[in-house]
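Protein chains in written order, with my numbering: chain P, 579 to 811; chain E, 2 to 318.
Here is the structure we will look at.
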Amino acid sequence: MWPLIGILIVIIGFALKFNPLLVVTVAGIATGLAGNLSVEEILITFGTAFEKNRYLSLFILTLPIIGLLERYGLKEQSQVLISKVKAATTGRLLILYLFVRESTAALGLTSLGGHAQMVRPLVAPMAEGAAENKHGELPEELRNKIKAQSAATDNVGLFFGEDIFIAFGAILLMHGFFQQNGIVMEPLHLAMWGIPTAICAFLIHGTRLYLFDGKIAAYMKEYNHSTKNRIDG
Amino acid sequence: MIFQLEYVYYIAGIFLAIISILSFTDKSNPRRFTTALFWGLFGISFIFGKVIPPLYMGILVIVLAIIAGFGGVRMGSYQQTTDQEREASSRRFGNKLFIPALLIPIVTVIGSVVLKKTQIGDLFLLDQQNVTLVSLGIACMISLVVAMSITRTKGIQPIKESRRLLDAIGWASVLPQMLATLGALFGAAGVGTVVADLVGSAIPVDNRFFVVVAYVVGMALFTMVMGNAFAAFPVMTAGIGLPLLVQMHGGDPAVLGAIGMFSGYCGTLLTPMAANFNIVPAALLDLPDKNAVIKAQAPTALILLTVNVFLMYYLLF
């Protein structure tokens, strides 16, 4: 039971809003000690895993480009572009992005998207711009909701698309795992049985995005009503 | 091979080293020394990651956590352009601004699909084990050159701009790697087997439906704890999936694997432990609530997890 102490520390630490880096470090050390690792072994595990997983931080490479383009008005231009498409609404735009993201990921093109490359510079500003075209200047809270939904849409599209591409890591991992346990199967079967969930993911999130337009309208109605009252009163 | 992943890490390390120096000279940052030290050490881990012995790298990691944990990584000032300046310049450059942004994904895809097997003499052009990451590195360099020539920017201006974005993300940029180290320690201490034993002893194994629920929900919960469905899959499948659903009840392992992994992904949508998908984007989009992306995803994840229980139950047998 003792190795589970790390999980407990993470849950309590996150709940009490301590700095996550510190929480994770303490949880790691405690787990290691509970699992009878020496301090040296714990440090070596920290160092090796940190070095091996440097690829997780390679989004840093995109920041100079995105930062530079933003300085010269990339966000503003995204909003100009979307304002020319009269039929564009936040929900429709995000449904289109969900579809493109999920289907390209299913073809193995997972790098055609991402938070640093696509969501911050293009998708989120366009989603905000589409709502602005309909409702005028948006309050900060609604703006943040639209940004969060843009990031969420990227994740949903990526996760439930990539797993039906047969050369993707998850498929190879499962194939290897079953092989080790004496079960031989075609990777294609694993990919195929992912399709029902992938379709459901698109329908569920797509429906939520479809309803999102109504939520934005309701929010703005409420907001305009309350600001008007404040001015009248 | 000609382009190796290690070279891409050198570039990231050099960026971070320059950011460290810029932070050091930024007098408006109340903690400029510790902020500079943080980015500097992070940069060192990129440039010298292969040659530093793991023990010392481990100490470096702990120092990073301590600096961040005690509020040592702060924002400075960044000489931003005004709204009017940006609007004027967006009119001036127009849609040309999209070219470098779109070049990043396009060149990455060309590299990872088309140039994958390209050889010059006996050497592969790209590192075969890390084709996508190396392609991303090359794409960023090409895109950076194009962006600088379109906007006629010189010198380290792009890195100054990236410091604004990186400081906004702050310590959260190291969190994905930190969580990966926690996963490694969980593995070394045998956390997985303990969890699988616990779940296995708590469910009525004769009832197919309950075992399906335990496996699907267990995948999601364990993924939430580990922050990664890949880490949860072997543990839950060896503990519950294979012995109970496949061997005892005769389920199809392909269905088990496919829907099981997707159930783990529902967990990924729900946890701050999957920092690179949930926490870093919230910081990147300047959202005041670091859990805003998780909150936006939660209804989708919970509905889909319920759907998965029934898909698994009807397709497995």
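Virtual Cβ for every residue (Gly too), placed ideally from N, Cα, C.
Keep in mind it's a predicted model, so treat the numbers as computed, not measured.
Compare the C-alpha of residue 608 (chain P) against each of E:206, E:190 and E:194 and name the closest.
-> For this step, residue 608 (chain P) is matched to residue 30 along the first sequence. When each option's Cα is compared against that of residue 608 (chain P), the closest is E:190.
Between the region 734–753 of chain P and the region 678–685 of chain P, are three or more C-beta pairs nearer than 8 angstroms?
-> These segments touch.
Which first and last residues belong to the alpha helix (DSSP H) in which residue 588 (chain P) is found?
-> Reading the first sequence from its first residue, position 10 is the one you call residue 588 (chain P). Run containing residue 588 (chain P): 583–593, per the alpha helix (DSSP H) assignment.
Would a C-beta distance cut-off of 8 angstroms place residue 121 (chain E) and residue 3 (chain E) closer than the cut-off?
-> As a first step, residue 121 (chain E) must be located in the second sequence, where it is residue number 120. As a first step, residue 3 (chain E) must be located in the second sequence, where it is residue number 2. Less than 8 angstroms separates the beta-carbon of residue 121 (chain E) from that of residue 3 (chain E).
What in chain E is Cβ-close to residue 618 (chain P), meaning under 7 angstroms?
-> Indexing the first sequence from 1 puts residue 618 (chain P) at position 40. Per Cβ cutoff of 7 angstroms: 56.
Chain-order list of residues whose beta-carbon lies under 6 angstroms from that of residue 714 (chain P) (same chain, five-residue window excluded) | For this step, residue 714 (chain P) is matched to residue 136 along the first sequence. Within the same chain, residue 714 (chain P) has no close Cβ partners at all.
Shorter than 8 angstroms from the beta carbon of residue 90 (chain E) to some beta carbon of chain P?
-> What you label residue 90 (chain E) is simply residue 89 of the second sequence in a count that begins at 1. Interface residue, yes.
Kindly list the residues whose CB is nearer than 8 angstroms to the CB of residue 177 (chain E), restricted to its own chain and excluding five residues on each side of it in sequence; keep chain order.
-> Residue numbering aside, residue 177 (chain E) sits at position 176 when the second sequence is read from its first letter. 276, 277 and 281, listed in sequence order.
Starting from the beta carbon of residue 772 (chain P), find every residue of chain A whose beta carbon is closer than 8 angstroms, and list them in chain order.
-> Here the protein chains are P and E, and chain A is not one of them.
Pick out whichever of E:313, E:82 and E:14 has its Cα sitting closest to the Cα of residue 247 (chain E).
-> Position 246 of the second sequence holds residue 247 (chain E). Nearest of E:313, E:82 and E:14 to residue 247 (chain E), Cα basis: E:313.
Check each candidate in E:296, E:183, E:253 and E:47 and name the one with the smallest Cα separation from residue 581 (chain P).
-> Within the first sequence, numbered from 1, the residue matching residue 581 (chain P) stands at position 3. Of the candidates E:296, E:183, E:253 and E:47, the one whose C-alpha sits nearest the C-alpha of residue 581 (chain P) is E:183.
Starting from the Cα of residue 725 (chain P), find the closest Cα among E:309, E:232 and E:294 and give me that residue.
-> Mapped onto the first sequence, residue 725 (chain P) falls at position 147. It is E:294.
Compare the C-alpha of residue 675 (chain P) against each of P:603, P:728, P:614 and P:757 and name the closest.
-> Locating residue 675 (chain P) in the first sequence gives position 97, where the first residue counts as 1. Ranking P:603, P:728, P:614 and P:757 by Cα distance to residue 675 (chain P) puts P:728 first.
Based on Cα-Cα distance, which residue from E:70, E:172, E:298 and E:107 lies nearest to residue 635 (chain P)?
-> Walking along the first sequence from the start, residue 635 (chain P) turns up at place 57. Here the closest residue by C-alpha is E:172.
Does DSSP classify residue 736 (chain P) as helix, strand or coil?
-> Taking the first sequence and counting its residues from 1, one reaches residue 736 (chain P) at position 158. In this structure, residue 736 (chain P) counts as helix in the three-state DSSP scheme.
Leaving out five residues before and five after residue 797 (chain P) in sequence, what residues of the same chain have Cβ atoms less than 6 angstroms from its Cβ?
-> Here residue 797 (chain P) corresponds to residue number 219 of the first sequence, with the count starting at 1. Around residue 797 (chain P): 720.
Per DSSP, what kind of secondary structure is residue 787 (chain P) in: helix, strand or coil?
-> Sequence index remark: in the first sequence, residue 787 (chain P) carries index 209 (1-based). The answer is helix: DSSP assigns residue 787 (chain P) an H, G or I state.
Give the secondary structure of residue 120 (chain E) by DSSP, where H, G and I count as helix, E and B as strand, and everything else as coil.
-> On the second sequence, residue 120 (chain E) is found 119 positions in, with the first residue counted as 1. Residue state, collapsed to three classes: strand.
Close Cβ partners of residue 795 (chain P) (< 8 angstroms) along its chain, the five nearest in sequence each way excluded | Here residue 795 (chain P) corresponds to residue number 217 of the first sequence, with the count starting at 1. If we look at residue 795 (chain P) and ignore the five residues flanking it on each side, its Cβ neighbours are 712 and 713.
Quick one: is residue 783 (chain P) buried, meaning 16 or more other Cβ sit within 10 Å of its Cβ, or exposed?
-> Here residue 783 (chain P) refers to the residue found at position 205 of the first sequence. Residue 783 (chain P) comes out buried.
Neighbour-count burial assignment, residue 667 (chain P), 16 or more Cβ in a 10 Å radius = Locating residue 667 (chain P) in the first sequence gives position 89, where the first residue counts as 1. Residue 667 (chain P) should be labelled buried.
What three-state label does DSSP hand residue 222 (chain E) in the structure shown?
-> For the purposes of this step, residue 222 (chain E) is taken as the residue at position 221 of the second sequence. The answer is helix: DSSP assigns residue 222 (chain E) an H, G or I state.
Mind pulling the alpha helix (DSSP H) runs of 4 or more residues that sit fully within the region 40–80 of chain E?
-> 55–70
By how many angstroms is the C-alpha of residue 57 (chain E) removed from the C-alpha of residue 300 (chain E)?
-> For the purposes of this step, residue 300 (chain E) is taken as residue 299 along the second sequence, with counting starting at 1. For the purposes of this step, residue 57 (chain E) is taken as residue 56 along the second sequence, with counting starting at 1. C-alpha of residue 300 (chain E) to C-alpha of residue 57 (chain E): approximately 43 angstroms in a straight line.
Residue nearest to residue 199 (chain E) in terms of C-alpha spacing, selected from E:159, E:188 and E:223 = Reading the second sequence from its first residue, position 198 is the one you call residue 199 (chain E). Closest option to residue 199 (chain E), Cα to Cα, is E:223.
Cutoff 6 angstroms; reference residue 148 (chain E); Cβ partners in own chain excluding five residues on either side = Here residue 148 (chain E) corresponds to residue number 147 of the second sequence, with the count starting at 1. Shown here for residue 148 (chain E): same chain residues with a beta carbon closer than 6 angstroms to its own, the five before and five after excluded, namely 101 in chain order.
When Cβ atoms are compared, which residues of the region 719–741 of chain P fall closer than 9 angstroms to chain E?
-> 722, 723, 725, 726, 727, 728, 729, 730, 731, 732, 733, 734, 736, 737, 738 and 741
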